[in-house]
Amino acid sequence: MENQNQASTAGKENTTNKVLIGILVKLRECEQEFYEQMEIIGKQNSNERDAEKEGKFYGGISDCMASVGYFIGDCAKPEQIIFK
Numbered sequence: 197m198e199n200q201n202q203a204s205t206a207g208k209e210n211t212t213n214k215v216l217i218g219i220l221v222k223l224r225e226c227e228q229e230f231y232e233q234m235e236i237i238g239k240q241n242s243n244e245r246d247a248e249k250e251g252k253f254y255g256g257i258s259d260c261m262a263s264v265g266y267f268i269g270d271c272a273k274p275e276q277i278i279f280k
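Its first residue numbered 197, the sequence shown is counted upward by one per residue in my numbering.
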């Protein structure tokens, strides 16, 4: 019974980390898409580029990515962490 509970807990942790990693990937994709769109706007009309809004976006998305990264690390067991 105890092994079943451990397996269930490990499965939930893996699922949680997969979801968090998926969120992190999506945030990164959003960041890239935003950057590409800002480059297009900058090439078409440099007057419309708003550095303040761009900075707020990057600050906000960086905070989100850092939070998700923290939760990934918080959920991971030491043996799951890969050092390169």
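A virtual CB, placed ideally from N, CA and C, is assigned to each residue, including glycine.
Quick caveat: nothing in here was measured; it's all calculated off a predicted structure.
Report task. Answer yes or no: do I257 and E225 have a C-beta to C-beta separation smaller than 8 Å? Result -> Stepping through the sequence shown from its first residue, residue 257 is reached at position 61. Stepping through the sequence shown from its first residue, residue 225 is reached at position 29. Cβ atoms of I257 and E225: not closer than 8 Å.
Requested in this report: Can you say whether V221 is buried or exposed, counting buried as having 16 or more other CB atoms within 10 angstroms of its CB?
Outcome: Within the sequence shown, numbered from 1, the residue matching residue 221 stands at position 25. That one is exposed.
Query raised in the report: Given a threshold of 16 other Cβ atoms within 10 Å of its Cβ, counted over all protein chains shown, does I268 qualify as buried or as exposed?
Result: Taking the first residue of the sequence shown as position 1, residue 268 is located at position 72. Buried, since its Cβ has 16 or more Cβ neighbours within 10 Å.
Report task. Determine the DSSP secondary structure at D246, reduced to helix, strand or coil. Result -> To locate residue 246, count along the sequence shown from 1; it is residue 50. Correct three-state label for D246: coil.
Query raised in the report: Per DSSP, what kind of secondary structure is N210 in: helix, strand or coil?
Result: For the purposes of this step, residue 210 is identified with residue 14 of the sequence shown, where counting begins at 1. Residue state, collapsed to three classes: helix.
Query raised in the report: Is the distance from the Cβ of C260 to the Cβ of L223 below 8 Å?
Result: Numbered from 1 along the sequence shown, position 64 holds the residue referred to as residue 260. Numbered from 1 along the sequence shown, position 27 holds the residue referred to as residue 223. Result yes, Cβ atoms of C260 and L223 sit closer than 8 Å.
Query raised in the report: Taking C-beta to C-beta, are M234 and E248 nearer than 8 Å?
Result: Residue mapping note: residue 234 aligns to position 38 of the sequence shown, counting from 1. Residue mapping note: residue 248 aligns to position 52 of the sequence shown, counting from 1. Not closer than 8 Å, so no.
**Report entry** Other residues of its chain near F253: CB distance less than 8 Å, five sequence neighbours each side excluded
**Finding:** Looking up residue 253 in the sequence shown gives position 57. Hits under 8 Å: F230.
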